[in-house]
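Just below is one structure, and these are the notes that go with it.
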Amino acid sequence: MFDINKIRSDFPIINEKVYGRPLIYLDNAATTQKPLVVLNKTTEFYKTINSNIHRGVHYLSEQASAAYENARKTVKDFINARSLTEVIFTRSTTESINLLADSFGNTYVREGDEIIITEMEHHSNIVPWQVLCERRGAHLKIIPFDDNGLLLIDKLHDLINIKTKLIAINHVSNALGVVNPVKDIIRMAHQHNIPVLIDGAQSIQHLPVDVQDLDCDFLAFSGHKMYAETGVGILYGKEKWLEAMPPYQTGGGMITSVSFDETKFAGLPQKFEAGTVNYVGAISLAAAIEYLRGIGMKNVFTHEKELLDYTVKQLNGMDDLTIYGNSPNRCGTISFNLNGIHPYDVGMILDKLGIAIRTGNHCTEPVMRHFGIKGTIRASFAVYNTRDEIDVLVDGIKKAREMLL
Amino acid sequence: MFDINKIRSDFPIINEKVYGRPLIYLDNAATTQKPLVVLNKTTEFYKTINSNIHRGVHYLSEQASAAYENARKTVKDFINARSLTEVIFTRSTTESINLLADSFGNTYVREGDEIIITEMEHHSNIVPWQVLCERRGAHLKIIPFDDNGLLLIDKLHDLINIKTKLIAINHVSNALGVVNPVKDIIRMAHQHNIPVLIDGAQSIQHLPVDVQDLDCDFLAFSGHKMYAETGVGILYGKEKWLEAMPPYQTGGGMITSVSFDETKFAGLPQKFEAGTVNYVGAISLAAAIEYLRGIGMKNVFTHEKELLDYTVKQLNGMDDLTIYGNSPNRCGTISFNLNGIHPYDVGMILDKLGIAIRTGNHCTEPVMRHFGIKGTIRASFAVYNTRDEIDVLVDGIKKAREMLL
Amino acid sequence: MKIDEIQFQIIKEFAPLEEWFEKYEKLIDLGKKLPVMDEEYKTEANLMSGCQSSVWITSRLENGRVIFQADSDALIIRGIIAILLKVVNNQPSEDISSMDLYFLDTIGLSSNLSPSRANGLASLVQYIKDCAKEYLYER
Amino acid sequence: MKIDEIQFQIIKEFAPLEEWFEKYEKLIDLGKKLPVMDEEYKTEANLMSGCQSSVWITSRLENGRVIFQADSDALIIRGIIAILLKVVNNQPSEDISSMDLYFLDTIGLSSNLSPSRANGLASLVQYIKDCAKEYLYER
Ligand SMILES: Cc1ncc(COP(=O)(O)O)c(C=O)c1O
Ligand SMILES: Cc1ncc(COP(=O)(O)O)c(C=O)c1O
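Residue numbers (my numbering), protein chains in the order written: chain A, 296 to 700; chain B, 296 to 700; chain C, 539 to 677; chain D, 539 to 677.
In structure tokens, the structure reads:
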């Protein structure tokens with residue numbers, strides 16, 4: 296059963312006040328808040344068994360290592376990876392993508408090759424590929440989207456060719472909330488033996504993501520956007536790819552032997568985890584996943600879908616308001632503008648009303664360019680948000696318009 | 296005043312039991328425990344002002360950004376950097392060194408060039424340079440040390456030449472506890488205009504480190520080894536170098552504009568902080584620094600020096616025990632073996648006595664090779680350790696010898 | 539009027555506006571009245587970094603006094619610019635370069651000028667001071 | 539004796555040893571008695587990964603039964619190897635490949651076999667099973 300009151304009581308910050316008003320936190324695509332169980336888990340860990348993982352002979356190290364490896368198992372189960380070796384702990388989505396661009400890119404991408412992304416990627420899924428392409432003399436190809444935020448999949452047919460080495464695409468757009476048809480894209484790509492990276496930074500917290508069902512080759516996401524603490528992310532990769540890829544960062548923990556003449560690297564997953572990883576971050580991610588599982592991802596999805604639909608309905612009822620990306624398939628996020636009004640002005644007024652939304656380009660400048668705008672007002676939802684909060688938001692927008700026009 | 300009882304009460308885990316015995320935690324070089332003020336700081340942050348930093352229009356984001364940038368200021372003051380732009384938040388020492396090897400290495404190191412490290416570096420300060428050298432066709436040169444763990448500085452004269460592009464050297468050896476004469480080395484290097492990276496992973500928590508006094512060009516260290524939470528580290532670099540170096544990881548937050556034709560990178564320090572950084576990690580690092588300052592780094596140094604001297608005295612009194620690295624200038628760490636006994640056996644027995652020490656090669660295989668051994672028993676100290684704990688350790692070693700001989 | 543006198547006057551003007559929305563309404567009003575900058579001056583060179591909203595500024599020296607012209611694409615920012623200019627425009631460069639803009643704190647606007655707001659205002663204030671200093675050296 | 543009978547016997551042997559150091563003394567004793575492996579077998583190929591201590595193992599099939607020889611450079615690990623070999627040596631490959639080594643838990647040694655201990659024992663047990671399975675297919 297989905298008990299919103301229970302859920303809201305799990306998040307201490309949700310009951311805070313801002314300028315004397317109840318906080319309405321609708322900036323969840325930037326980062327989510329953390330339930331007490333997550334905070335308690337890590338604090339308890341530090342208070343009782345903290346110790347550096349692996350290679351320790353003593354009890355604490357053994358406990359800490361087990362907790363860390365259990366966290367990997369929790370992630371594996373959550374995304375339904377085939378094996379533990381397919382789950383790499385990183386710092387964030389951004390690092391996961393940089394790892395891939397470096398390790399996969401340097402191995403498989405040669406001069407004249409091509410990498411396909413979409414027009415609606417987050418900068419973190421654009422720039423690493425740009426840098427790679429520049430370094431290797433390869434080319435970046437773009438799948439465009441239409442004004443409803445729908446990818447022009449037909450164009451993908453034209454873009455794919457023998458030189459295509461990878462397709463990197465977000466599952467859910469952080470700027471528009473559009474859910475992309477990644478399964479279709481993956482199927483199409485695999486017909487040409489092209490691997491696909493899914494940027495799951497905005498899907499993993501909103502809907503069930505099953506890497507075997509999607510059949511994606513890589514999946515990247517961040518803990519901090521799915522109720523875990525900051526500083527931990529995941530790169531999932533099919534074993535065959537990860538096996539073939541060279542290490543990214545190097546140092547302690549990812550080697551089997553080091554000498555000045557020759558260094559041998561460890562197997563998966565250690566090969567990609569150099570130095571002391573953020574093992575407490577990993578444990579917090581596992582705790583967040585347990586929390587989500589307790590609620591059930593389907594319930595999460597349904598609740599947030601309902602919120603989004605309600606918001607769309609309310610905003611559609613307003614004059615002089617433009618919603619960007621009217622795809623029927625959306626989740627978690629909605630972007631809009633009051634016509635003729637700068638989003639930052641609206642944001643400043645909503646702020647004073649205790650409403651935390653984000654304004655700006657959301658690290659997706661090409662999306663803004665598509666619509667010929669500088670930025671949008673973005674409201675993004677989490678499991679603890681309510682219709683009442685949407686009502687406050689809508690009233691706030693009306694108030695802002697009144698003041699600004 | 297240095298009040299050990301007060302300090303011990305600050306660290307909840309210190310009063311835990313292991314196998315029914317009081318925990319004696321002497322594995323601090325691997326990671327330190329965390330004082331309550333640090334844990335409370337981050338928990339409080341999550342409960343009241345958590346929000347993604349920068350570019351936010353709302354109150355929480357403003358608060359969180361300010362806290363993050365204040366953390367940078369705290370680090371800057373702690374190491375006496377000239378400016379905030381010289382302080383880069385990373386994941387760890389390992390990542391800091393990888394960043395440097397990639398960004399500095401790709402810019403300044405060409406075929407035939409040379410990089411100098413020492414025989415006593417941690418793998419994290421060896422392998423990134425090996426990989427760089429292999430990629431660029433450059434060569435790694437090694438400053439050896441003698442059986443007392445003293446670097447043969449004279450050899451450095453011979454190694455330095457026109458092709459030398461960087462010297463990377465640890466301040467304090469994590470395997471031997473030896474304090475290296477980094478100031479002399481830096482002076483010598485600068486006479487030839489060669490920049491120097493100090494791996495401060497084992498010095499920053501034990502002694503005052505002043506980058507202007509040392510005049511080092513780069514300094515790397517990890518938060519988790521200096522009482523902060525996991526997943527945060529620092530790369531300090533002189534502005535002139537950091538300005539000239541290209542970005543390492545790319546993505547959101549480190550750009551000023553992105554288009555498919557051209558992307559412009561932000562200035563320092565953002566240029567090196569791609570994606571969502573571990574901002575709560577940074578805040579925990581600042582809290583840890585405040586804690587250390589409250590005690591005073593000189594007091595920390597004196598206390599730990601006393602502990603080390605006492606341990607040396609006790610161990611010197613034992614037959615059939617070899618201490619590695621009898622340099623007069625040591626701090627924080629001591630490595631030894633019971634002659635003819637495998638360190639792991641000793642570790643297993645100490646473990647059962649509640650004593651957490653580390654055995655193995657400590658990610659310094661070349662050091663082990665130097666002494667012709669597979670590993671050592673390493674005890675490493677923190678501000679909360681006491682003479683009584685050393686006594687328990689010494690009794691434990693005696694007990695282990697008794698059982699194993 | 540000298541810089542501090544103008545600050546005093548602004549503080550007095552804002553004092554009766556206790557509620558945030560009264561203040562914002564005043565800023566919006568001031569923003570609407572701020573003369574629009576000629577498009578030709580809205581160049582990359584005159585743009586202050588700030589990814590949330592854009593702020594442009596130009597300056598010139600006339601008889602030892604600095605004349606600023608500034609604009610923004612966001613209305614409330616224009617309002618803040620308007621009062622800033624009231625304070626610094628037509629002042630001697632030495633006064634500007636050494637001024638302490640305490641009125642921002644007093645009327646509760648200082649948080650809008652913090653660098654992390656990324657609205658360009660922090661860079662604007664920095665620009666104003668730097669620019670006054672430069673004119674000082676030039677003389 | 540079958541694998542489970544031997545496990546039962548070992549559990550009985552360890553039962554009186556309540557204190558950890560009694561157990562460890564027994565392991566050390568067993569470790570000292572374990573025959574030393576010929577240096578020629580201590581090859582890279584026979585080495586189990588484990589950076590804390592080294593473990594070597596070889597095996598051969600004789601009349602459908604697997605004969606293992608194993609060694610370590612650490613004494614207590616040798617002791618654990620000694621009991622492990624007691625259980626699996628000279629057993630039919632099908633029994634080994636499907637065995638459940640529950641005695642390790644019962645006598646409180648299982649934590650020593652966890653992969654993160656990096657002492658090579660976890661790989662050793664894996665090797666023993668894999669190897670028995672291979673012999674099974676070969677037949
Ligand atoms: C001297 C030295 N350098 C580098 C490192 C690597 O630090 P981290 O694992 O936190 O990246 C360590 C940690 O053991 C160390 O002792
Ligand atoms: C779709 C998408 N990809 C990547 C990222 C980058 O995530 P992080 O900043 O956690 O690395 C984000 C975060 O905003 C995102 O929304």
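Note that beta-carbon positions come from the ideal geometry of N, C-alpha and C, so glycine has one too.
*State the start and end residues of the unbroken alpha helix (DSSP H) segment that holds His485 of chain B.*
The residue you call residue 485 of chain B lines up with position 190 of the second sequence. First-last of the alpha helix (DSSP H) with His485 of chain B: 477-486.
*Please determine, among A:Leu394, A:Asn624, A:Ile455, the residue with the shortest C-alpha to C-alpha distance to Pro541 of chain A.*
Sequence index remark: in the first sequence, residue 541 of chain A carries index 246 (1-based). Answer by Cα proximity: A:Leu394.
*From D:Phe552, D:Ser591, D:Val574, residue whose alpha carbon lies closest to that of Phe606 of chain D*: Counting from one through the fourth sequence, the residue named residue 606 of chain D turns up at place 68. Nearest option by C-alpha distance: D:Val574.
*Closest to Arg350 of chain B by CA distance: which of A:Glu601, A:Pro317, A:Gly670, A:Asn443 is it?*
By 1-based counting over the second sequence, the position of residue 350 of chain B is 55. It is A:Gly670 whose Cα lies nearest to the Cα of Arg350 of chain B.
*Identify the continuous beta strand (DSSP E) that holds Val687 of chain A and give its terminal residues.*
Your numbering for residue 687 of chain A matches position 392 in the first sequence. No beta strand (DSSP E) holds Val687 of chain A; the alpha helix (DSSP H) holding it covers 682-699.
*How about Lys571 of chain D and Trp594 of chain D: are their beta carbons less than 8 angstroms apart?*
Residue numbering aside, residue 571 of chain D sits at position 33 when the fourth sequence is read from its first letter. Residue numbering aside, residue 594 of chain D sits at position 56 when the fourth sequence is read from its first letter. The answer is no: Cβ separation not under 8 angstroms.
*Starting from the C-beta of Tyr403 of chain A, find all residues in its chain whose C-beta is less than 6 angstroms away, skip the five residues before and the five after it, and write them out in chain order.*
Taking the first residue of the first sequence as 1, we reach residue 403 of chain A at position 108. Hits under 6 angstroms: Lys460.
*Pro503 of chain A: which of A:Ser419, A:Val572, A:Val474, A:His417 sits nearest, CA to CA?*
As a position in the first sequence, residue 503 of chain A is number 208, starting the count at 1. It is A:Val474.
*Could you say which of C:Leu585, C:Lys624, C:Arg616 lies nearest to Ile549 of chain C if we only look at CA atoms?*
Here residue 549 of chain C refers to the residue found at position 11 when the third sequence is read from its first residue. It is C:Lys624.
*Leaving out five residues before and five after Leu565 of chain C in sequence, what residues of the same chain have Cβ atoms less than 7 angstroms from its Cβ?*
In the third sequence, counting from the first residue as 1, residue 565 of chain C sits at position 27. Answer for Leu565 of chain C: Ile614, Gly617, Ile618, listed in chain order.
*Taking the alpha carbon of Thr369 of chain B as the point to measure from, which residue in B:Asp646, B:Asn300, B:Ile529, B:Gly547 has its own alpha carbon closest?*
Locating residue 369 of chain B in the second sequence gives position 74, counting from the first residue. For Thr369 of chain B, the nearest C-alpha among the options comes from B:Ile529.
*Which residues count as close to ligand 2 when the rule is a CB under 5 angstroms from any of its heavy atoms, in chain order?*
A:Ser387, A:Thr388, A:Thr389, A:His417, A:Ser419, A:Asn465, A:Asn469, A:Asp494, A:Ala496, A:Gln497, A:Ser517, B:Gly570, B:Thr571
*Residues that DSSP places opposite Asp611 of chain C in a beta bridge*: For the purposes of this step, residue 611 of chain C is identified with residue 73 of the third sequence, where counting begins at 1. The partner list for Asp611 of chain C (beta bridge, DSSP) is empty, contrary to what the question assumes.
*Can you have a look at Asn601 of chain D and say buried or exposed, based on whether 16 or more other CB atoms are within 10 angstroms of its CB?*
Here residue 601 of chain D refers to the residue found at position 63 when the fourth sequence is read from its first residue. By the neighbour-count rule (16 or more Cβ atoms within 10 Å), Asn601 of chain D is not buried but exposed.
*On the three-state DSSP scale, how would you describe Thr606 of chain B?*
Working through the second sequence from its first residue, we reach residue 606 of chain B at position 311. Reduced to three states, the DSSP call for Thr606 of chain B is helix.
*Of the choices C:Asp611, C:Phe546, C:Leu568, whose alpha-carbon is the least far from that of Glu577 of chain C?*
Counting from one through the third sequence, the residue named residue 577 of chain C turns up at place 39. Among C:Asp611, C:Phe546, C:Leu568, the Cα nearest to that of Glu577 of chain C belongs to C:Asp611.
*asked:* Could you tell me which whole beta strand (DSSP E) segments of length 3 or greater appear in the segment 627-676 of chain A?
replied: 628-633, 653-655, 671-675
*Quick one: grab the DSSP three-state call for His598 of chain A.*
Sequence index remark: in the first sequence, residue 598 of chain A carries index 303 (1-based). Reduced to three states, the DSSP call for His598 of chain A is helix.
_Residues bridged to Gly528 of chain A (per DSSP)_ = The sequence position of residue 528 of chain A within the first sequence is 233, counting from 1. BP columns for Gly528 of chain A point to A:Thr385, A:Ser517.
*Can a CB atom of chain B be found closer than 8 angstroms to the CB of Leu599 of chain D?*
In the fourth sequence, residue 599 of chain D corresponds to position 61, counting from 1. No, Leu599 of chain D does not count as interfacial toward chain B.
*Does any residue of chain B bring its CB to less than 8 angstroms from the CB of Gln590 of chain D?*
By one-based count along the fourth sequence, residue 590 of chain D stands at place 52. By this cut-off, Gln590 of chain D is an interface position.
*Any idea which residues DSSP pairs Glu409 of chain A with across the strands?*
One-based indexing of the first sequence puts residue 409 of chain A at position 114. Glu409 of chain A pairs with A:His434, A:Thr459.
*Measure the alpha-carbon distance for Glu557 of chain A versus Trp424 of chain B and round it to whole angstroms.*
Numbered from 1 along the first sequence, position 262 holds the residue referred to as residue 557 of chain A. Numbered from 1 along the second sequence, position 129 holds the residue referred to as residue 424 of chain B. Answer to the nearest angstrom: the Cα atoms are 12 angstroms apart.
_Less than 7 angstroms separating the Cβ of His519 of chain B from some heavy atom of ligand 1?_
Sequence index remark: in the second sequence, residue 519 of chain B carries index 224 (1-based). Checking every heavy atom of ligand 1 against the Cβ of His519 of chain B, one is found closer than 7 angstroms.
*Are Phe676 of chain A and Gly612 of chain A touching if we call contact CB-CB under 8 angstroms?*
Sequence index remark: in the first sequence, residue 676 of chain A carries index 381 (1-based). Sequence index remark: in the first sequence, residue 612 of chain A carries index 317 (1-based). Not closer than 8 angstroms, so no.
*Note down the Cα distance separating Ala512 of chain A from Ala361 of chain B, rounded to an integer number of angstroms.*
Taking the first residue of the first sequence as position 1, residue 512 of chain A is located at position 217. Taking the first residue of the second sequence as position 1, residue 361 of chain B is located at position 66. Here residue 512 of chain A is Asp; the residue named in the question, Ala, does not match the sequence. If I take the Cα positions, the gap works out to 39 angstroms.
*For Val673 of chain B, count neighbouring C-beta atoms within 10 Å of its own C-beta (all shown protein chains included) and say buried if the count is 16 or more, exposed if not.*
In the second sequence, residue 673 of chain B corresponds to position 378, counting from 1. Sequence inspection shows Arg at residue 673 of chain B; the Val mentioned does not correspond to that position. It counts as buried.
*Buried versus exposed call for Asn632 of chain A [16 or more other C-beta atoms within 10 Å across all chains shown]*: On the first sequence, position 337 is the one that residue 632 of chain A refers to. With 16 or more other Cβ atoms within 10 Å, it is buried.
*Does His519 of chain A get closer than 8 angstroms to chain B when you measure Cβ to Cβ?*
Taking the first residue of the first sequence as position 1, residue 519 of chain A is located at position 224. By this cut-off, His519 of chain A is an interface position.
*What did DSSP end up calling Asn630 of chain D once you bin it into helix, strand or coil?*
Position 92 of the fourth sequence, counted from the first residue, corresponds to residue 630 of chain D. The amino acid at residue 630 of chain D is misidentified as Asn; the sequence shows Pro. Pro630 of chain D falls in the strand class under three-state DSSP.
*Measure the alpha-carbon distance for Leu662 of chain D versus Pro653 of chain D and round it to whole angstroms.*
The residue labelled residue 662 of chain D in the question sits at position 124 within the fourth sequence. The residue labelled residue 653 of chain D in the question sits at position 115 within the fourth sequence. About 10 angstroms.
*Flag Asp646 of chain B as yes if its beta-carbon sits less than 8 angstroms from any beta-carbon of chain A, otherwise no.*
Counting from one through the second sequence, the residue named residue 646 of chain B turns up at place 351. Judged by the 8 angstroms Cβ criterion, Asp646 of chain B is in contact with chain A.
_Interface partners of Met643 of chain A on chain B, CB under 7 angstroms_ = Working through the first sequence from its first residue, we reach residue 643 of chain A at position 348. Ordered by position in chain B, the residues that pass the 7 angstroms Cβ test against Met643 of chain A are Val352.
*What's the C-alpha gap between Leu659 of chain D and Thr380 of chain A?*
By one-based count along the fourth sequence, residue 659 of chain D stands at place 121. By one-based count along the first sequence, residue 380 of chain A stands at place 85. Approximately 20 angstroms, taken between the alpha carbons.
*Return the first residue and the last residue of the alpha helix (DSSP H) that Phe559 of chain D is part of.*
Taking the first residue of the fourth sequence as 1, we reach residue 559 of chain D at position 21. Where Phe559 of chain D is concerned, the enclosing alpha helix (DSSP H) stretches over 558-571.
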